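Undergrad: Pasting a structure below so you can have a look.
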Amino acid sequence: MTATAPITQDVMTFPRKLPEGPVNLIGLTRDQMRDALIAHGTPEKQARMRVNQIWQWIYQWGKRDFADMTNLAKAYRADLAENFVLEIPELVTRQVSEDGTRKYLVRIAGGHEVEVVYIPEDGRGTLCVSSQVGCTLTCSFCHTGTQKLVRNLTAAEIIGQVMMARDDLGEWPVPGEKNVETRLLSNIVLMGMGEPLYNFDNVRDAMKIAMDPEGIQLSRRRITLSTSGVVPEIARTADEIGCQLAISFHATTDDIRDKLVPINKKWNIEALLNALANYPKVSNSERITFEYVMLAGVNDSDADAHRLIKLIRDYNIPAKINLIPFNEWPGAPYKRSSNNRIRAFADIVYEAGYASPVRKPRGEDIMAACGQLKSATERARKSRRQIEAEAGVRN
Ligand code: SAH
Ligand code: SF4
2 MTATAPITQD VMTFPRKLPE GPVNLIGLTR DQMRDALIAH GTPEKQARMR
52 VNQIWQWIYQ WGKRDFADMT NLAKAYRADL AENFVLEIPE LVTRQVSEDG
102 TRKYLVRIAG GHEVEVVYIP EDGRGTLCVS SQVGCTLTCS FCHTGTQKLV
152 RNLTAAEIIG QVMMARDDLG EWPVPGEKNV ETRLLSNIVL MGMGEPLYNF
202 DNVRDAMKIA MDPEGIQLSR RRITLSTSGV VPEIARTADE IGCQLAISFH
252 ATTDDIRDKL VPINKKWNIE ALLNALANYP KVSNSERITF EYVMLAGVND
302 SDADAHRLIK LIRDYNIPAK INLIPFNEWP GAPYKRSSNN RIRAFADIVY
352 EAGYASPVRK PRGEDIMAAC GQLKSATERA RKSRRQIEAE AGVRN
């Protein structure tokens, strides 16, 4: 187990723009886009309007070629094409599970790869987005946690995952046509690779773009950020993003949580619950989701269920408890709780008055389920290496 590994990192910053070459307009806030346009010769008086026009083309209609932006003068479009690019992560592979789940492997600058998972459900569809390549934290049940952090994703790379999925689903509206009512991609969860609150600014800027009424237009109620418990950033999440919050809670005593979610040694259950108690008020959201991974014989007893309820009650937190059957991965030090055990645990929580849905593992056949997101990357890497090797032999 890696539970005793030290927590080595707090908030990191990475350069938001490439030091040279054309500027990527994707991922910039409206103010940043305005500054970038002015720096490249757009008159200040026009800049606000140009931002609005370009913004709509990019985020409402999904255009990524300046030549398509037909309400801009031709010469101005040519200027834009000279100074700026519109870049999102490159789709490398797409796997479709028997249950319809799609797992995308995308490549970002530097040749790194992250995974993005699309989960279709009745009347809605959820995109599980990554915020980092790897993770600095070392939760002992999580496969991503065994992969070292490579780097934070930029805001462009985070919102770009949503844009890539809309490309793949063919879901950009066409100007002049009426919007369809049920969207294929209707929800975002920040539950892919990485700890979103260790990449706060980029996650915030990307989610602001997702929520912008002139663009992708997802309500903040349809965006859920999952954190392992980076306490100092929780109030900022309420204040600056205002989305739904999910907490990787997973244990009811500090002893066990220290082992499962080692960030608990820095901010323990009490500190976490104190921070959570204020969240709904500040963010104006309804309930906090407590994610609870069911590990046989570790955290799944009746006593755990009762302790969980007591903690949530003591802190008066409006909550729903999402029970996640543990998804195994090669070498994992845990086993999934039996269905009967999960059911018994869920019933105790439910009878105490809290919703206790059991998360249905999706896309297991393509290793797309929660916490499995590392191995597939490695498999894909390996097979590409093999392909390259073969190509080398032939050449
Ligand atoms: N870093 C963030 C978000 C990514 S993990 C966080 O920890 O919240 C998304 C969810 O999947 C978390 O609740 C995480 O605890 C859970 N998870 C990780 N590994 C898992 C596994 N092997 N089986 C089931 N759920 C897992
Ligand atoms: Fe990182 Fe979340 Fe996995 Fe923990 S559960 S190692 S925080 S991705």
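In terms of our numbering, the sequence shown is residues 2 to 396.
The C-beta atom is built at its ideal place from N, Cα and C for all residues, glycine as well.
All values reported here derive from a predicted model rather than from experimental measurement.
(1) In this structure, how does DSSP classify Tyr355 when only helix, strand and coil are distinguished?
(2) At what residues does the beta strand (DSSP E) containing Val117 begin and finish?
(3) For Val306, which residues of its own chain have a beta-carbon under 6 Å away from its beta-carbon, when the five flanking residues on both sides are left out?
(4) Would the stretch 152-169 count as touching the stretch 100-118 if we require 3 or more Cβ pairs under 8 Å?
(5) Hey, Ile264 and Leu138 are a contact pair by Cβ (cut 8 Å); roughly how many whole angstroms apart?
(6) Pull up the distance between the alpha-carbon of Arg95 and that of Arg314, whole angstroms please.
(7) Using DSSP with H/G/I as helix, E/B as strand and the rest coil, what is Gly126?
(8) So the beta strand (DSSP E) Tyr293 belongs to, where does it begin and stop?
(9) Tell me whether Glu365, by its Cβ, gets closer than 7 Å to a heavy atom of ligand 1.
(10) Please indicate yes or no: does the CB of His144 lie closer than 7 Å to some heavy atom of ligand 1?
(11) Just to confirm, is the Cβ distance from Gly195 to Cys136 under 8 Å?
(12) DSSP three-state label for Ser284, please.
(13) Taking all protein chains shown into account, do 16 or more other C-beta atoms lie within 10 angstroms of the C-beta of Gln47, making it buried, or fewer, making it exposed?
(14) Between Ser357 and ligand 2, is there a pair consisting of the residue's CB and a ligand heavy atom that are separated by less than 7 Å?
(15) Please state whether DSSP places Lys75 in a helix, a strand or coil.
(16) Write down every uninterrupted run of the alpha helix (DSSP H) in the stretch 300-349 whose length is 4 residues or greater and which is fully enclosed by it, in chain order.
(17) Assuming the contact rule is C-beta atoms closer than 8 Å, Asp366 and Ser98 should be a hit. Round their C-beta distance to whole Å, please.
(18) Are the CB atoms of Leu186 and Gly126 within a distance shorter than 8 Å?
(19) At the level of alpha carbons, what is the spacing between Leu246 and Ile210?
(20) Helix, strand or coil, according to DSSP, for Asn25 in the structure here?
(21) With Val411 as the anchor, note down where its beta strand (DSSP E) starts and where it stops.
(22) Sort Pro319, Ile310, Pro362 and Gln148 by Cα distance to Glu352 and report the nearest one.
(23) Could you tell me the alpha carbon to alpha carbon distance between Arg222 and Ala276, rounded to whole angstroms?
(24) Rounded C-beta distance between Leu38 and Ile59? I'm assuming under 8 Å.
(25) Considering only residues of the stretch 190-214, which uninterrupted alpha helix (DSSP H) runs meet the minimum length of 4 residues and lie entirely inside it, listed in chain order?
(26) Would you tell me roughly how many angstroms separate the C-alpha atoms of Ala320 and Phe291, rounded to the nearest one?
(27) From the DSSP output, in three-state form, read off Lys104 for me.
TA: Based on what the coordinates show:
(1) coil
(2) His113 to Glu122
(3) Checking the displayed sequence, the identity of residue 306 turns out to be Ala instead of Val. Around Ala306: Phe346, Ile349 and Val350.
(4) yes
(5) 6 Å
(6) 43 Å
(7) strand
(8) Ile289 to Met295
(9) no
(10) yes
(11) yes
(12) helix
(13) exposed
(14) no
(15) helix
(16) 303-315
(17) 5 Å
(18) yes
(19) 18 Å
(20) strand
(21) Beyond the ends of the chain as shown, which are 2 and 396, falls residue 411; an answer cannot be given.
(22) Ile310
(23) 20 Å
(24) With 8 Å as the limit, Leu38 and Ile59 do not qualify as a contact, their Cβ atoms being about 13 Å apart.
(25) 201-212
(26) 7 Å
(27) strand
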